[in-house]
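Colleague:
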Amino acid sequence: MSLITMRGVTKSYPGAGGAFNALTAVDLDIAPGEFVAVVGPSGSGKSTLLNLLAGIDRAAQGEVRVGECLLGAMNERELAAWRGLGVGIVFQFFQLLPTLTAIENVMLPMDFCGRWPARERPDRALALLAQLGVSDQADKFPAAMSGGQLQRVAVARAMANAPPLLLADEPTGNLDTRNAQALLDILADLVQDEGITVVMVTHERTALHRATRTITLVDGRVVNQMQAAHA
Amino acid sequence: MVLAMATGLAGAGAILDTWAVVGRATVEGYRASLPASATLAVRGLDEPALARVRAMPEIAAVRPRRAVMAAVQSQGPWRNALLVALDDFDARELGRLQPEGGAWPPPDGTMAIERSSLEFAAATVGEPIAVKAGSAEPRSTRVSGIVRDVSLAPGWMEHVVYAYATRATLAQLGLGGYFNELQLRVRDEGGGRDAVRRIAAKVRDELERAGVRVTSIDVPVPGRHVHAGQIDSLLATQGAFGILALGACALLVVNLFTTMLAGEARHIGIMKVLGAQPAQVARMFLAMAASLGLAASLIALPLAAWIGLRYAALKAELLNFPADGFGIPLWALAAQLAVGVMLPMAAVAWPVRRACRAPAGESMRDIGIVASGQSFTARRIGKAAGLTRPLLLSLGNAFRRRERMVLTLLALAVGGAVLVGAANLRGAVRASVGNLFEAQRFDVSLRLADPAIPAGLEAAAGAVEGVVAVESWRGARASVVTADGASSDAFTVIGLPAPSRLMQPAVVAGRWLHAGDDGALVLGLSLARENPALLPGATVILAIDGVQRSWTIAGIVDNGPQPLAYVTRAALDAVRGDALATTLVAKLAASSPGGQLDTVLRLRAALGDAGMPVAGSQLQGENRRVVEDHLVMVVDFLAVMGWVMIAIGGMGLASTMGMAVLERRREIGVLRAIGASNRAIMFLLQAEGLVITLLAWLACLPLSIPIGALMAEAFGRIMFPVPVPFAPDMAAALRWLAIMMAVSLAACAWAARQALRVTTARALAYE
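Chains C and D supply the protein sequences, listed in that same order.
Position one of the first sequence corresponds to residue 26 (the numbering used here), numbered consecutively onward.
Position one of the second sequence corresponds to residue -12 (the numbering used here), numbered consecutively onward.
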């Protein structure tokens, strides 16, 4: 049983020299609890793939199914509600809101989705921050934190509504080696301990060792899928 | 941005255009009419006396005339009228009159109506008009033409019908035919009003040596229309607000350019990497600012000209001048164009310099959501108030670009403060008028056709049904005699019974009249302001109907804008050598206008039957409405600029929110990516706009006090001083808040729609 199914997915963008195919006829299945690394050269369609899985972009052809949801059939309101509960997203540049503290950033998705009762949200947020080793940063604003701390808070925010799927777009791209390794450990732990499915776009060669499967994209097509030895 | 700039430029430009056109119309028009330098009220003027004055070297021209007060009735009610008879209607050297229709000069047996009182008189050329003076029966004549006399304040404003006729016509109407005024024009008015007064005093002496009695002298400010000062003050005040509006525009331009430059930072960095000098890049953006200014000016110039010409026509109407044929001078258009182009360039100079001097590498970095300032105080207040996180986020976002927020707040708050200040002033004016009329505890004043004995008058009036109380007053024309023998402008001195039950004005300094006050004089505030040396305790010599007498100033009272002084009737009787009354004031039982009118008709009939006919009557209720309307009109003129500024502020808020959306496009994408619905995004932006609006409102409340005081100061110079309360008019403030909240919601809805049109994927994409 797959958590993610992509069938014949094509996505093109208009460009100065005509339409540009970011993805072409992609078929993909990802099972629950997989830690998938998506790699490929610039412009190969990695981010487009992630956007389609997050429901923040729509395929021109084919279908994208996550769990029971056929994303192409949902309207924007339904997609926003689904995304809030069903997907956590981690960005390369953290993208924490600068006017909120770390704990408030983590609670914000809970506020939007109302999944947890209001009085439980601070405890849950604090627990997530503790799980990621940054509970001491809870009341700090993003401007007062290091890159590693920011990315941990960003992961905690992505986990706020306990989504079954975590999408990460080059999450280590803006971290030093030590912090990058620590973040990969965290993601691997989430997969292993909590059964979360992680799909991560990365250029980081060491990240491949943590993933259970590596998908290689070239010119919008899946050219290789490699199961890790440790999987 | 172009629209907001155009609004500010059009507002300020319209004032400049009005000023320029009215200035030309009044200066050229008034001087071209060769107005009288002085007017002397005379008795016994004859040709030999006139010849003596004409022979004086200082005198350029003289014109005798007969001026009488009467009542006229055409197709409306009876109106007070000033009828003027001349021998030479086409005199070119003094007081030129401009015929505007019908026969000119008016043939014997007819009269020409001054155009500004034609509508007030409800008269039509060719139609009959009844004239009544004194105890005589009304007689009918015909309106034969229309004439304009630019030296007069408009008849509709003064509530007087001005009419011109021959002496023969006046004699036919039973109004006498002898001259009672002498207008003169001095050769050189360069010495100012005092010099003219000295010459007028010499003329008086010359006339008196020839056996002519001079009872009063009026000397206007040479070359200046009687209302020109008020209009100048009004335009200067509006001009000041026009400059404020331009300032608000400049703030808006700074805001928009700062944001635009932030968006262009990467391109600036690329240009610099390619070898562009900072000055070259700066010139590019300054040229862009200039072209935006030019575009705004091209919209604003015709709009300002259109508004300015109409506004000038209205102002000219207030001054009784024709504004037709006066175009907007080239210098005014050039000034507006220069300001329109230079203002945005000056406004963006600093942000452009800052952007162009930033290192290229820094300009080209794009790390998504950037940290920026926030107000910890606002955050603490928000948390203490129990705001939810989305609301805290909105609150924090409002403070993220503090410089921009302050500029937006300023533009909004100043506009609000002007509007609330104007409401404060309006309230103060109404309160002052209320106090003024409260002091006058009578409902109607009746001007008698001929002076009457007070006891008989009061007895006859008191017996009329519906009359509660009456008092007999006596009026006379007076002027202050200065040490060098010259006379001030003539004013009315009113003789009252002391103590008066029906006149109890608010005392500003000293005291009100007491019984037995033989030589005591109480000045009205307006007269006291014209003569600052006349303080309680001082003595002053007044010439009343040619009789000079010393008076001691007992006090100063608030009596509104009219230059009046008060003495006891007994003291005035002593000067005149008889004991008569010229006016009756009465308190009536009826409070409705209809009931009061009925009582007045009975009163007029009873006095007529008793041999004391009434020449004119004035209900205080109507009087109050006219006074209020005129005063509030001035306040409303001042408030217009508040609306212009609110329009600019509203556009400023819209653009600020638009900029916030543009800048935070990626942040909004992140919010949508973590589950925020479109509605939640809309709510966040709306709340942010409302935070700015609420802060602007809070800022405008204290700001409205000094602005209201400045407006009151301007109003005081234009009309009369009013005490403005040191608290904002909350009803007006709440009205402004409601309007601005609606503007904010609309502006933010627009900005949010722009934000939500961008797909989340596109919002999150890196260039």
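Where a beta carbon is used, it is the ideal one built from N, C-alpha and C, also for glycine.
According to DSSP, which residues form a beta bridge with Arg200/D?
Modeller: The residue given as residue 200/D occupies position 213 in the second sequence. Its beta-bridge partners are Arg30/D.
Colleague: Can you pull out the residues from the stretch 187 to 200 of chain C whose beta carbon lies closer than 7 angstroms to at least one beta carbon of chain D?
Modeller: Answer set for the stretch 187 to 200 of chain C: empty.
Colleague: Which residues of the stretch 652 to 667 of chain D have a Cβ closer than 9 angstroms to any Cβ of chain C? Give them in chain order.
Modeller: Result list: Arg653, Glu654, Gly656, Val657, Leu658, Arg659, Ala660, Ile661, Gly662, Ala663, Ser664, Asn665, Arg666, Ala667.
Colleague: Give, in chain order, every unbroken run of the beta strand (DSSP E) that is at least 3 residues long and sits entirely within the stretch 617 to 657 of chain D.
Modeller: Within the stretch 617 to 657 of chain D, no complete beta strand (DSSP E) run reaches 3 residues.
Colleague: From the DSSP output, in three-state form, read off Leu69/D for me.
Modeller: Mapped onto the second sequence, residue 69/D falls at position 82. Three-state DSSP puts Leu69/D in a strand.
Colleague: Going by C-alpha to C-alpha distance, which of Asp532/D, Arg11/D, Ala188/D, Ile661/D sits closest to Tyr462/D?
Modeller: Here residue 462/D is taken as the residue at index 475 of the second sequence, counted from 1. Here residue 462/D turns out to be Gly, not Tyr, going by the sequence shown. The shortest Cα separation from Gly462/D among Asp532/D, Arg11/D, Ala188/D, Ile661/D belongs to Asp532/D.
Colleague: Helix or strand or just coil, what does DSSP make of Arg18/D?
Modeller: The residue given as residue 18/D occupies position 31 in the second sequence. Helix, per DSSP.
Colleague: Quick check on DSSP: helix, strand or coil for Thr126/C?
Modeller: Residue mapping note: residue 126/C aligns to position 101 of the first sequence, counting from 1. Coil, per DSSP.
Colleague: Have a look at Ala765/D and His501/D and give me their C-alpha separation to the nearest angstrom.
Modeller: Residue coverage of chain D in this structure runs from -12 to 754, which leaves residue 765/D outside it and unanswerable.
Colleague: For Glu458/D, write down the residues that DSSP places opposite it in a beta bridge.
Modeller: For this step, residue 458/D is matched to residue 471 along the second sequence. Note: Glu458/D sits in a beta bridge opposite Val572/D.
Colleague: Determine the burial state of Ser664/D: buried for a count of at least 16 other Cβ atoms within 10 Å of its Cβ, exposed for fewer.
Modeller: The residue given as residue 664/D occupies position 677 in the second sequence. By the 10 Å Cβ count, Ser664/D comes out buried.
Colleague: Figure out for me which residue from Gly472/D, Ser466/D, Gln62/D, Leu330/D has the closest Cα to the Cα of Phe244/D.
Modeller: As a working mapping, residue 244/D is identified with position 257 in the second sequence. The candidate whose alpha carbon is nearest that of Phe244/D is Leu330/D.
Colleague: How long is the line joining the alpha carbons of Leu672/D and Gln250/C, rounded to whole angstroms?
Modeller: The sequence position of residue 672/D within the second sequence is 685, counting from 1. The sequence position of residue 250/C within the first sequence is 225, counting from 1. In a straight line, the C-alpha of Leu672/D is about 44 angstroms away from that of Gln250/C.
Colleague: Run through chain D and tell me which residues come within less than 9 angstroms of Gly109/C, C-beta to C-beta.
Modeller: Residue numbering aside, residue 109/C sits at position 84 when the first sequence is read from its first letter. Those are Ile661, Gly662, Ala663, Ser664, listed as they occur along chain D.
Colleague: Check whether the Cβ of Ile240/C lies closer than 8 angstroms to any Cβ atom in chain D.
Modeller: Counted from its first residue, the first sequence places residue 240/C at position 215. No, because no Cβ of chain D sits closer than 8 angstroms to the Cβ of Ile240/C.
Colleague: Once DSSP output is grouped into helix, strand and coil, what is the label at Ile100/D?
Modeller: On the second sequence, position 113 is the one that residue 100/D refers to. Strand at Ile100/D.
Colleague: Is the beta carbon of Ala127/C sitting closer than 8 angstroms to the one on Gln162/C?
Modeller: The sequence position of residue 127/C within the first sequence is 102, counting from 1. The sequence position of residue 162/C within the first sequence is 137, counting from 1. Going by C-beta atoms, Ala127/C is nearer than 8 angstroms to Gln162/C.
Colleague: To the nearest angstrom, how far is the alpha carbon of Met132/C from that of Ala56/C?
Modeller: Numbered from its first residue, the first sequence carries residue 132/C at position 107. Numbered from its first residue, the first sequence carries residue 56/C at position 31. If you take the alpha carbons of Met132/C and Ala56/C, they lie about 29 angstroms apart.
Colleague: Here's the rule: buried if 16 or more other CB atoms are within 10 angstroms of the residue's CB, otherwise exposed. What is Lys7/C?
Modeller: Beyond the ends of chain C as shown, which are 26 and 256, falls residue 7/C; an answer cannot be given.
Colleague: Counting only beta-carbon separations shorter than 8 angstroms, does Met170/C have a partner in chain D?
Modeller: As a first step, residue 170/C is located in the first sequence; it is residue number 145 there, counting from the start. No, Met170/C lies away from the interface with chain D (no Cβ there is under 8 angstroms from its Cβ).
Colleague: Note down the Cα distance separating Glu754/D from Gly43/C, rounded to an integer number of angstroms.
Modeller: Taking the first residue of the second sequence as 1, we reach residue 754/D at position 767. Taking the first residue of the first sequence as 1, we reach residue 43/C at position 18. In this predicted model, Glu754/D has a pLDDT of only 44, less than 50, meaning its place in the structure is not dependable; the value taken from the coordinates is given anyway. Answer to the nearest angstrom: the Cα atoms are 19 angstroms apart.
Colleague: Closest to Trp499/D by C-alpha separation, out of Ile540/D, Ser466/D, Ile528/D, would be which residue?
Modeller: One-based indexing of the second sequence puts residue 499/D at position 512. The residue with the shortest Cα to Cα distance from Trp499/D is Ile540/D.
Colleague: Against chain C, which members of the stretch 412 to 425 of chain D pass a CB distance test of less than 8 angstroms?
Modeller: The residues in question: there are none.
Colleague: Does any CB atom of chain C fall closer than 8 angstroms to the CB of Leu379/D?
Modeller: Here residue 379/D refers to the residue found at position 392 of the second sequence. With 8 angstroms as the cut-off, Leu379/D counts as an interface residue toward chain C.
Colleague: Taking C-beta pairs closer than 9 angstroms, name the residues in chain C that Gly383/D reaches, listed in chain order.
Modeller: Counting from one through the second sequence, the residue named residue 383/D turns up at place 396. Leu122, Pro123, Thr124, Leu125, listed in chain order.
Colleague: Please classify Ile29/C as buried or exposed, where buried requires at least 16 neighbouring CB atoms within 10 angstroms.
Modeller: Indexing the first sequence from 1 puts residue 29/C at position 4. Buried, since its Cβ has 16 or more Cβ neighbours within 10 Å.
Colleague: Shortest alpha-carbon distance to Arg30/D belongs to which of Ile230/D, Ile255/D, Gly89/D, Thr202/D?
Modeller: Here the question's residue 30/D lines up with position 43 in the second sequence. It is Thr202/D whose Cα lies nearest to the Cα of Arg30/D.
Colleague: Enumerate in chain order the residues of its own chain whose CB-to-CB distance from Leu658/D is below 7 angstroms, with the five nearest sequence positions on each side excluded.
Modeller: Residue mapping note: residue 658/D aligns to position 671 of the second sequence, counting from 1. If we look at Leu658/D and ignore the five residues flanking it on each side, its Cβ neighbours are Ile668.
Colleague: Looking only at DSSP bridge pairs, what is Trp538/D linked to?
Modeller: Residue mapping note: residue 538/D aligns to position 551 of the second sequence, counting from 1. Trp538/D is bridged to Val527/D.
Colleague: Would you mind telling me which residues of chain C sit closer than 7 angstroms to Ala748/D, beta carbon to beta carbon, in chain order?
Modeller: Residue mapping note: residue 748/D aligns to position 761 of the second sequence, counting from 1. In chain order: Asn76, Ile81, Asp82.
Colleague: Counting C-beta neighbours from all protein chains within 10 Å, is the total for Gln225/D 16 or more, i.e. buried, or is it exposed?
Modeller: Residue mapping note: residue 225/D aligns to position 238 of the second sequence, counting from 1. The residue in question, Gln225/D, is buried, as its Cβ has 16 or more Cβ neighbours within 10 Å.
Colleague: By the DSSP assignment, the beta strand (DSSP E) with Val159/C in it spans what residues?
Modeller: Within the first sequence, residue 159/C is the residue found at index 134, counting from 1. Element bounds for Val159/C: n/a, residue is neither H nor E.
Colleague: What first and last residue would you give for the alpha helix (DSSP H) that runs through Arg211/D?
Modeller: One-based indexing of the second sequence puts residue 211/D at position 224. Where Arg211/D is concerned, there is no enclosing alpha helix (DSSP H), given that its DSSP letter is neither H nor E.
Colleague: What residues from chain D crowd round Pro147/C, counting only those whose CB sits closer than 8 angstroms?
Modeller: Working through the first sequence from its first residue, we reach residue 147/C at position 122. None at all; the shortest Cβ gap to chain D is about 11 angstroms.
Colleague: Tell me the DSSP bridge mates of Ser578/D?
Modeller: Translated into positions along the second sequence, residue 578/D becomes position 591. Ser578/D is not bridged to any residue.
Colleague: Mind checking who Asn665/D pairs with in its DSSP beta bridge?
Modeller: Residue numbering aside, residue 665/D sits at position 678 when the second sequence is read from its first letter. Asn665/D is not bridged to any residue.
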